[in-house]
Amino acid sequence: MIKTIKEHILEVENFTANDKESVEAFRIKYLGKKGLLNDFFAEFKNVPNEQKKEFGQSINQLKQTALNKVDSLHKSLENNAEQVGVFGDLTRPGNPIELGARHPISIVKNRIIEIFSRIGFNVSEGPEIEDDWHNFTALNLPEYHPARDMQDTFFVQTDPDVLLRTHTSSVQVRYMENNQPPIRTISPGRVYRNEAISARSHCFFHQVEGLYIDKDVSFADLKQTLQYFTTELFGKSKIRLRPSYFPFTEPSAEVDVYWGLETETDYKMTKGTGWLEIMGCGMVDPNVLKNCGIDSDEYSGFAFGMGIDRIALLLHQISDIRLLSENDLRFLEQFRSVL
Ligand code: DAH
């Protein structure tokens, strides 16, 4: 009898199971009401006295071994279930990291940079807090020049020499002061003007300045470059240059692109004309070249400047410029799919 119990102990120790049902059957076999252990305990009274001690110890050992086994099998089944839950389905999406979106200003700025970099323009930057020389005087806008009124300026504290730049043209001055021709550079950046905030204008916005200086640069080169640009950015190659005035260029022009009049939005955007004004440009005034240390007898060049915000509004049909600086996620998330 004792021998049989010892064999059961061995059997229990070696038992394994991978599912709940087998563990339960095993438990019933040994520990159930009509299980083997109860049979052995019932047998106890028939065991001769001298064997009682050893017999009792053996069935207790069998009971403990069976209890431990059931317990450890339950635990390992639970662990397995957890593992399957976490790693079982390999087609599940990975960590739910939300995709960010580029700001529409960055989207348009990057596209402009990319288009000009293809024809050899590099990118240059300058400070947003400027001095009078770089923002005005060097650009042919000496003190008391009436054209200074074209751009309402924020001065820093009471020092009239320190101001928030009103245009990125200040960067072309800095670039020419530090580089000799040939120069091909574009300068994107933020600019500030003391203007009332409305759906169409803001007290800060973004511009891209372009500058090309070399020998024999002509107005035809300017027009060709701008035509390449509008074709690449808008898919529209029809442009016109209207005579205009900027102190730093002579002659100066305003550039319109023919947008077309196919839809009602086209009518609204172009006020029924089909034409959209997109930038100012001109041949760099020889005075500006001289101010920046470039020989104006040897070199000539063109410059242009455009507002990034305005182009972003056009391209993405945004109706209010204030949306660009309010950081409203409901607005910004709409640009997720745009690179
Ligand atoms: N700086 C001008 C503005 O802010 C834009 C501009 C016009 C820049 C003509 C230029 C240019 O370089 O040639 O209104």
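Letter by letter, the sequence shown follows residues 2 to 340 of my numbering. Even glycine gets a Cβ: it sits at the ideal position worked out from N, Cα and C.
Q: Give the straight-line distance between the Cα atoms of Phe230 and Pro147, rounded to the nearest whole angstrom.
A: Locating residue 230 in the sequence shown gives position 229, counting from the first residue. Locating residue 147 in the sequence shown gives position 146, counting from the first residue. Cα-Cα distance, rounded: 32 Å.
Q) Is Ser253 near the ligand DAH, with its Cβ less than 8 Å from a heavy atom? A) Taking the first residue of the sequence shown as position 1, residue 253 is located at position 252. Yes - the ligand DAH has a heavy atom lying nearer than 8 Å to the Cβ of Ser253.
Q: Please determine, among Leu164, Ser320, Tyr145, Asp72, the residue with the shortest C-alpha to C-alpha distance to Glu129.
A: As a first step, residue 129 is located in the sequence shown; it is residue number 128 there, counting from the start. Taking only the C-alpha atoms, the option nearest Glu129 is Leu164.
Q) Under 8 Å from any heavy atom of the ligand DAH, does the C-beta of Val192 make it? A) Translated into the one-based positions of the sequence shown, residue 192 becomes position 191. Annotation for Val192 indicates a beta carbon within 8 Å of some heavy atom of the ligand DAH.
**Q.** Ordered list of alpha helix (DSSP H) runs contained in the segment 13-60, each at least 4 residues
**A.** DSSP runs (the alpha helix (DSSP H)) wholly in the segment 13-60: 21-32, 37-44.
Q) Where DSSP assigns a beta bridge to Glu277, which residues make up the other side? A) To locate residue 277, count along the sequence shown from 1; it is residue 276. A small correction: the amino acid at residue 277 is Leu; Glu does not occupy that position in the sequence shown. Partner(s): Val258.
Q.
Quick check: the Cα distance between Gly190 and Ile184, rounded to an integer number of angstroms?
A. Counted from its first residue, the sequence shown places residue 190 at position 189. Counted from its first residue, the sequence shown places residue 184 at position 183. Going from the Cα of Gly190 to the Cα of Ile184 covers about 19 Å.
**Q.** Cα-Cα separation, Asn19 to Lys70
**A.** Here residue 19 refers to the residue found at position 18 when the sequence shown is read from its first residue. Here residue 70 refers to the residue found at position 69 when the sequence shown is read from its first residue. Rounded to whole angstroms, Asn19 to Lys70 spans 13 Å at the Cα level.
Q | Segments assigned beta strand (DSSP E), at least 3 residues, entirely inside the segment 197-241 | A | Here the runs fully enclosed are 205-215.
Q | Outcome for Ser238 when other beta-carbon atoms lying within 10 angstroms are tallied against a minimum of 16 | A | Your numbering for residue 238 matches position 237 in the sequence shown. Residue burial is scored here from C-beta neighbours: Ser238 has fewer than 16 other C-beta atoms within 10 angstroms and is therefore classed as exposed.
Q.
Assuming Leu314 is part of the alpha helix (DSSP H), what are its boundary residues?
A. Your numbering for residue 314 matches position 313 in the sequence shown. Where Leu314 is concerned, the enclosing alpha helix (DSSP H) stretches over 309-317.
Q. If you draw a straight line from the alpha carbon of Asn195 to that of Met151, how long is it in whole angstroms?
A. For the purposes of this step, residue 195 is identified with residue 194 of the sequence shown, where counting begins at 1. For the purposes of this step, residue 151 is identified with residue 150 of the sequence shown, where counting begins at 1. In this structure, the alpha-carbon of Asn195 lies about 11 Å from that of Met151.
**Q.** Alpha-carbon spacing of Arg166 relative to Val172, whole angstroms
**A.** Walking along the sequence shown from the start, residue 166 turns up at place 165. Walking along the sequence shown from the start, residue 172 turns up at place 171. A straight line joining the alpha-carbon of Arg166 with that of Val172 spans about 10 Å.
Q: Return the CA-CA distance between Val13 and Leu37, expressed in angstroms with no decimal places.
A: Taking the sequence shown and counting its residues from 1, the one referred to as residue 13 is at position 12. Taking the sequence shown and counting its residues from 1, the one referred to as residue 37 is at position 36. Taking the straight line joining both Cα atoms gives about 12 Å.
Q. Would Ser199 pass as a contact of Ile322 if the rule is Cβ separation under 9 Å?
A. Walking along the sequence shown from the start, residue 199 turns up at place 198. Walking along the sequence shown from the start, residue 322 turns up at place 321. Ile322 sits close to Ser199, with the two beta carbons spaced by under 9 Å.
Q) When burial is assigned at 16 or more other CB atoms within 10 Å of the CB, is Met284 buried or exposed? A) By 1-based counting over the sequence shown, the position of residue 284 is 283. Buried, by the Cβ-count rule.
Q | Secondary structure of Asp286, DSSP reduced to three states | A | Indexing the sequence shown from 1 puts residue 286 at position 285. Coil.
Q. To the nearest angstrom, how far is it from the Cα of Asn180 to the Cα of Leu91?
A. Taking the first residue of the sequence shown as 1, we reach residue 180 at position 179. Taking the first residue of the sequence shown as 1, we reach residue 91 at position 90. A straight-line Cα-Cα distance of about 57 Å links Asn180 and Leu91.
Q) For Ser170, is the beta carbon positioned less than 8 Å from some heavy atom of the ligand DAH? A) Sequence index remark: in the sequence shown, residue 170 carries index 169 (1-based). Relative to the ligand DAH, Ser170 has its C-beta within less than 8 Å of a heavy atom.
Q.
Given this structure, state the Cα-to-Cα distance separating Asp153 from Ala197, to the nearest angstrom.
A. The residue labelled residue 153 in the question sits at position 152 within the sequence shown. The residue labelled residue 197 in the question sits at position 196 within the sequence shown. Roughly 10 Å between the two C-alpha positions.
Q | Within 9 Å, strictly: CB atoms of Leu290 and Ile187 | A | On the sequence shown, residue 290 is found 289 positions in, with the first residue counted as 1. On the sequence shown, residue 187 is found 186 positions in, with the first residue counted as 1. Not a contact, by the Cβ cut-off of 9 Å.
Q.
What I want to know is whether the C-beta of Phe247 ends up closer than 8 Å to one or more non-hydrogen atoms of the ligand DAH.
A. To locate residue 247, count along the sequence shown from 1; it is residue 246. Phe247 has its CB nearer than 8 Å to a heavy atom of the ligand DAH.
Q | As assigned by DSSP and simplified to three states, the class of Ile106 | A | In the sequence shown, counting from the first residue as 1, residue 106 sits at position 105. Here Ile106 sits in helix by DSSP.
**Q.** Exposed unless 16 or more other CB atoms sit within 10 angstroms - verdict on Ser219
**A.** Here residue 219 is taken as the residue at index 218 of the sequence shown, counted from 1. Under this definition Ser219 is an exposed residue.
Q) Between which two residues does the beta strand (DSSP E) carrying Arg185 extend? A) If you number the sequence shown from 1, residue 185 lands on position 184. Boundaries of the beta strand (DSSP E) harbouring Arg185: 184-193, taken from the DSSP string.
**Q.** Cβ separation of Val256 and Leu227, assumed to be a contact under 8 Å, to the nearest whole Å
**A.** Reading the sequence shown from its first residue, position 255 is the one you call residue 256. Reading the sequence shown from its first residue, position 226 is the one you call residue 227. The C-beta distance from Val256 to Leu227 rounds to 6 Å, short enough to fall under 8 Å.
Q.
Within a Cβ cutoff of 8 Å, which residues of the same chain sit near Lys21, ignoring the five residues on either side of it in sequence?
A. Counting from 1 along the sequence shown, the entry for residue 21 is found at position 20. Take Lys21, set aside five residues on each side of it, and the residues of its chain with a beta-carbon closer than 8 Å to its own are Leu78, in chain order.
Q | Proximity winner among Asp222, Glu8, Gly127, Arg311, relative to Lys67 (alpha-carbon distances) | A | As a working mapping, residue 67 is identified with position 66 in the sequence shown. Correcting the residue identity first, residue 67 is Ala in this sequence and not Lys. When each option's Cα is compared against that of Ala67, the closest is Glu8.
Q: Measuring alpha carbon to alpha carbon, tell me which of Cys293, Gly101, Asp296 ends up nearest Leu333.
A: For this step, residue 333 is matched to residue 332 along the sequence shown. Closest option to Leu333, Cα to Cα, is Gly101.
**Q.** Alpha-carbon to alpha-carbon, Lys76 and Val24
**A.** Your numbering for residue 24 matches position 23 in the sequence shown. Your numbering for residue 76 matches position 75 in the sequence shown. Val24 and Lys76: Cα-Cα distance of roughly 11 Å.
Q: Write down every uninterrupted run of the alpha helix (DSSP H) in the segment 153-187 whose length is 4 residues or greater and which is fully enclosed by it, in chain order.
A: The qualifying runs are 170-179.
Q.
So for Val71, helix, strand or coil by DSSP?
A. Within the sequence shown, residue 71 is the residue found at index 70, counting from 1. DSSP places Val71 in the helix class (H, G or I) of the three-state scheme.
Q. Out of Thr250, Ser253, Lys4, Gly273, which has the shortest C-alpha to C-alpha gap to Gly261?
A. The residue labelled residue 261 in the question sits at position 260 within the sequence shown. The alpha carbon of Gly261 has as its nearest neighbour, out of Thr250, Ser253, Lys4, Gly273, the alpha carbon of Gly273.
Q. Once you ignore the five residues that flank Asn141 on each side, which residues in its own chain have a CB closer than 8 Å to its CB?
A. In the sequence shown, the residue the question calls residue 141 occupies position 140. Only residues of its own chain outside the window of five on either side were considered, and among them Pro248, Phe249, Asp286, Asn288, Val289, Asn292 have a CB closer than 8 Å to the CB of Asn141, listed in chain order.
Q. Which stretch, first to last residue, makes up the beta strand (DSSP E) that contains Glu265?
A. Here residue 265 is taken as the residue at index 264 of the sequence shown, counted from 1. It is not in any beta strand (DSSP E) - Glu265 instead sits in the alpha helix (DSSP H) that spans 265-270.
Q) Is any heavy atom of the ligand DAH found at a distance shorter than 8 Å from the C-beta of Thr226? A) Position 225 of the sequence shown, counting from 1, holds the residue named residue 226. Incorrect: Thr226 has no Cβ contact closer than 8 Å to the ligand DAH.
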